[in-house]
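Q: Protein chains in written order, with the numbering used here: chain A, 2 to 242; chain B, 96 to 385. Glycine included, each C-beta is placed from N, C-alpha and C at the ideal position.
1) Compare the C-alpha of residue 102 of chain A against each of A:24, A:189 and A:151 and name the closest.
2) Under a Cβ-count criterion, where at least 16 other Cβ atoms within 10 Å of its own Cβ denotes burial, should residue 373 of chain B be classed as buried or exposed?
3) Per the DSSP calculation, residue 69 of chain A is bridged to which residue(s)?
4) CA-CA distance, residue 138 of chain A and residue 100 of chain A?
5) Determine the DSSP secondary structure at residue 311 of chain B, reduced to helix, strand or coil.
6) Would you decide whether residue 385 of chain B is buried or exposed? Buried here means 16 or more other CB atoms lie within 10 Å of its CB.
7) Going by alpha carbons, who is nearest to residue 128 of chain B out of B:172, B:205 and B:182?
8) Which residues mark the beginning and the end of the alpha helix (DSSP H) in which residue 327 of chain B is found?
9) By the criterion of Cβ-Cβ separation under 8 Å, what are the contact partners of residue 266 of chain B in chain A?
10) Since residue 324 of chain B contacts residue 122 of chain B with CB under 8 Å, what's their CB separation in whole angstroms?
11) Between the region 6-22 of chain A and chain B, which residues of the former have CB atoms less than 7 Å from a CB of the latter, in chain order?
12) If the criterion is Cβ atoms closer than 7 Å, does the pair residue 90 of chain A and residue 45 of chain A meet it?
13) Going along chain A in order, which residues have a C-beta closer than 8 Å to the C-beta of residue 260 of chain B?
14) Relative to the C-alpha of residue 267 of chain B, which candidate in A:22, A:7, A:205 and A:97 has its C-alpha closest?
15) With DSSP as the reference, label residue 87 of chain A as helix, strand or coil.
16) Using Cβ-Cβ distances below 7 Å, what residues of the region 38-49 of chain A are close to chain B?
17) Could you work out which residues of chain B lie near residue 82 of chain A, taking near to mean beta carbons separated by less than 9 Å?
18) Measuring CB atoms only, is the region 209-226 of chain A touching the region 34-43 of chain A, in the sense that at least three cross pairs come out at less than 8 Å?
19) Report the CB separation of residue 138 of chain B from residue 348 of chain B in whole angstroms; it is logged as a contact under 8 Å.
20) Helix, strand or coil for residue 385 of chain B, going by three-state DSSP, please let me know.
21) If you draw a straight line from the C-alpha of residue 192 of chain B to the C-alpha of residue 180 of chain B, how long is it?
22) In three-state DSSP terms, what is residue 207 of chain A?
23) Taking residue 302 of chain B as the reference, which of B:322, B:194, B:285 and B:221 has the closest Cα?
24) For residue 225 of chain A, write down the residues that DSSP places opposite it in a beta bridge.
25) Applying a beta-carbon distance threshold of less than 8 Å, which residues of chain B neighbour residue 77 of chain A?
26) List in chain order: all unbroken alpha helix (DSSP H) runs of 4+ residues lying wholly within the region 120-144 of chain A.
27) Closer than 9 Å between beta carbons: that is the criterion. Which residues of the region 152-171 of chain A meet it against chain B?
28) Give me, in chain order, the residues of the same chain whose beta-carbon lies closer than 6 Å to that of residue 86 of chain A; leave out the 5 immediate sequence neighbours on both sides.
29) Here's the rule: buried if 16 or more other CB atoms are within 10 angstroms of the residue's CB, otherwise exposed. What is residue 21 of chain A?
30) Tell me whether residue 28 of chain A sits in a helix, a strand or coil according to DSSP, three-state version.
31) Leaving aside the five residues before and after residue 156 of chain B along the sequence, list all residues of the same chain whose C-beta is less than 8 Å from its C-beta, in chain order.
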């Protein structure tokens, strides 16, 4: 089976500063892949490189159903149009617009109006808290609600690949558990592939099928989540528990 | 009393024009967070185009809509060609380019259409039944045209997905890209809309002040004062601000400071608003969480 996404010799730069150094990784269709690592290891940058928000070199072969496409060099908007949805760090909601307008914007590139309306209802069923606040300005939502909105907005694209940047950041444990439970459900029921970046390694390894460990912009090791989780030396050296 | 009423109503009539110019300024500000200083000269140029068409024998409304369409395309092209390369440049770079555009459009108007003052026809008949002693038919007609423009814009931003995308792109360009909005084109669209509105304002003001290359210079200042007073990010506020400026200017001119100092009213309002209430009367305070 072909990989959904295959990165080869991927490098990323902020101005003249190189942050990723020739990293290779792959995402299987239908699976959740996670990227772990310390602060500054290049986790967020990897997601940004996938969306072509930062300058990148190397290869990103994406196979979203209609043949293989090279993402490197494409404008961000085009990458999104191919079915890559990004939930950025800081959530990136449109704070001055209503919850409903945020969801509509998530489906901006879709043309099937009737289906979009159904998906909005689906988002409200998934997160009833959003339904209560549908006409409220997104900036007035709590952190957890904003994260729910950010994930829902990304799903409105009906993405092939969902990129999640620290969905647990700054949230209460109960909310985090709820969001992760729903993410697992989305993966299992709708078959959405995900690339998850997390600080909370335990949580991410429970959810993901496959994990990569980044260290100062390079892949230190990779393998099935189970294996990484149970490897005591790896845990002590890289995950700090 | 009669005279006072007359001053108020004729102030409102001017205010309608200021309101349209303010609206055009708000359009570009919403999309790009810049004030386009060339707005007035671009509108004048559009008005000259309409004038040339009417002189060539076109019916008024044919020339009107054609000019609006050409202006929209022109605004879009100016953004694509001149401003896109400096989208990421500092504000001052943009300001210099705006001033350059102002000079270019002013000179082009003079070069192509001559500096002599021209009369511009009003589409509204002089002896209409609607005309009263306070309002001429042209003033009422311009008010109607502005209302239509305002309603159309309101509908566009509120109910169409492109309108929503434009608001999103203005507010958070990075996130807008992440939902697939072509942000740079949204800016172009904002320029097109502003140029089209400016053209409408120019064609409505020309029958009153006569057409020459510097027609909009003062009006742009009043429009700017109106936009600031109403709130630079609020289209309805901008029109309201324009009306207030029109009335204030007329009343102060007639009873307090005399007609020579009228323009000072606009300048005082600009400085006053920026110092005392930078968001304007109806400017939106966006709520954000820390």
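A: On the basis of the data shown:
1) A:151
2) exposed
3) A:64
4) 6 Å
5) coil
6) Residue confidence is low: residue 385 of chain B scores 49 on pLDDT, short of 50, so the model does not pin down where it sits. No coordinate-derived value is stated.
7) B:182
8) Per DSSP, residue 327 of chain B belongs to no alpha helix (DSSP H) and is neither H nor E.
9) 95, 96, 97 and 98
10) Actually they are not in contact, since the Cβ atoms of residue 324 of chain B and residue 122 of chain B sit about 17 Å apart, beyond 8 Å.
11) none
12) yes
13) 106 and 109
14) A:97
15) strand
16) none
17) 275
18) yes
19) Incorrect: roughly 23 Å between the Cβ atoms, too far for contact.
20) Here residue 385 of chain B scores only 49 on pLDDT, less than 50, and its place in the model should not be relied on; the value that follows carries that caveat. Residue 385 of chain B: coil per DSSP, three-state reduction.
21) 11 Å
22) helix
23) B:221
24) A:211
25) 272 and 273
26) 129-133
27) 154, 155, 157 and 158
28) 155, 158, 160 and 163
29) buried
30) strand
31) 218
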